[in-house]
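Engineer: For the sequence shown, UniProt numbering assigns the number 1 to the initial residue and increments by one for each residue that follows. Note that the Cβ used here is the ideal one computed from N, Cα and C, for glycine as well. Let me begin by handing over the structure; questions about it come next.
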Amino acid sequence: MTDIFHVAGFWVAVSFVLFFVLAGKKLWTPIASILDNRANLIREELDEAARLRREAEQMLEDATREREQALAEAKSFIEQSRIKADEMAKQARAEAEAAVRRHEQMARDRIAAVERAAVKEVRQLAIDVAVNAAHSIIPQTIDEQKASALVDQALADLPAAFSRQAA
């Protein structure tokens, strides 16, 4: 066993153990303190990272919810716009059709008025021609006594002519 005392590794081991026994308490306390501080710092950083991750996940959920809500609102707005555009198109069609009917009726009224005016003008012209013809023919063909009898007859027929014309 005496050989073990001559081996350098033995004395290194013994000196190492003696060093730690004598100086261990003074060295171990600051090393343990440094390691504990480092562990606490790492734990705090992990807690902070976990908190930040939870906040990021919450923000992601909020953003996703807001995006879905915005999409739903946009779809609703588009659908309402489409419905309103359809209603406006129907209303414009109905207004255009009504305007066409009004113009058509106005054209018919104008045509009827022109026809009435033309008929009135033709009648008046026929009356004028008949009166002129009567003025030129009657004096040549009827004597005074016959003319007086025709006037009396015409005056007697006047009420019947008025009632026919009124009807």
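Mapping the DSSP letters down to three states, classify Val-7 as helix, strand or coil.
Structural biologist: Three-state DSSP puts Val-7 in coil, outside helix and strand.
Engineer: Go ahead and pull the three-state DSSP assignment for Asp-143.
Structural biologist: Of the three classes helix, strand and coil, the one that applies to Asp-143 here is coil, per DSSP.
Engineer: Determine the direct distance from the alpha carbon of Lys-84 to that of Arg-164, and round the result to whole angstroms.
Structural biologist: Between Arg-164 and Lys-84, the C-alpha separation is close to 60 Å.
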